[in-house]
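Numbering (my numbering), first residue to last: 23 to 199.
Structural data, given as structure tokens:
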């Protein structure tokens, strides 16, 4: 499967997680991930899950729980500009569980548009999320939003491996006899 470019997943939910990231595009140029979060626990969890997912955390920005949404979004925009980063995971937990993510999600979608790198958003406190990632739709493209950081990290790893496969030379077909 790996030699044919098939992305192998373990669950149907993971199929949707990976598909959401690929559909939002573009593919990452490598396995280097930056994490931007307002919760130290989310950064720690991301760092712990990264090796098993096959990605490397090369930058981690923890802004603290009282950070303004605009400051959070600006930090994500800066991470997307970093030439040493191939993809960004934005993990935002609102201070109050009743808070909604709509404004942050929309702002992240706008920041991701034209960045040339994938952005996965982890917004774990929203009770409306189902098993599959939610999308913020519109023009520019949709932004994949994951209800759990582990799912976003796993999807980034699968997509990074797929992108590496796509960058491999095609080779020469064997002669027909």
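Built from N, CA and C at the ideal position, the CB exists for glycine as well.
Treat the numbers as computed from the prediction; the structure is a model and nothing was measured.
Rounded to the nearest whole angstrom, the C-alpha separation of residue 109 and residue 145 is 17 Å.
Per DSSP, residue 144 is one residue of the beta strand (DSSP E) stretching across 141-144. Going by beta carbons, residue 38 and residue 30 fall outside the 7 Å limit. Minimum Cα-Cα distance from residue 172 among the listed residues 97, 74, 48, 128 corresponds to 74.
When DSSP assignments are scanned along the segment 77-108, the uninterrupted stretches of alpha helix (DSSP H) that are 4 or more residues long and fall wholly within it turn out to be 91-103. Setting aside the 5 residues that flank it on each side, residue 188 is surrounded in the same chain by 27, 49, each with a C-beta closer than 8 Å to its C-beta; the list follows chain order. By a beta-carbon distance limit of 8 Å, residue 95 contacts residue 133. Their separation comes to about 6 Å.
Going by DSSP, residue 69 is part of no beta strand (DSSP E) but of the alpha helix (DSSP H) stretching over 62-75.
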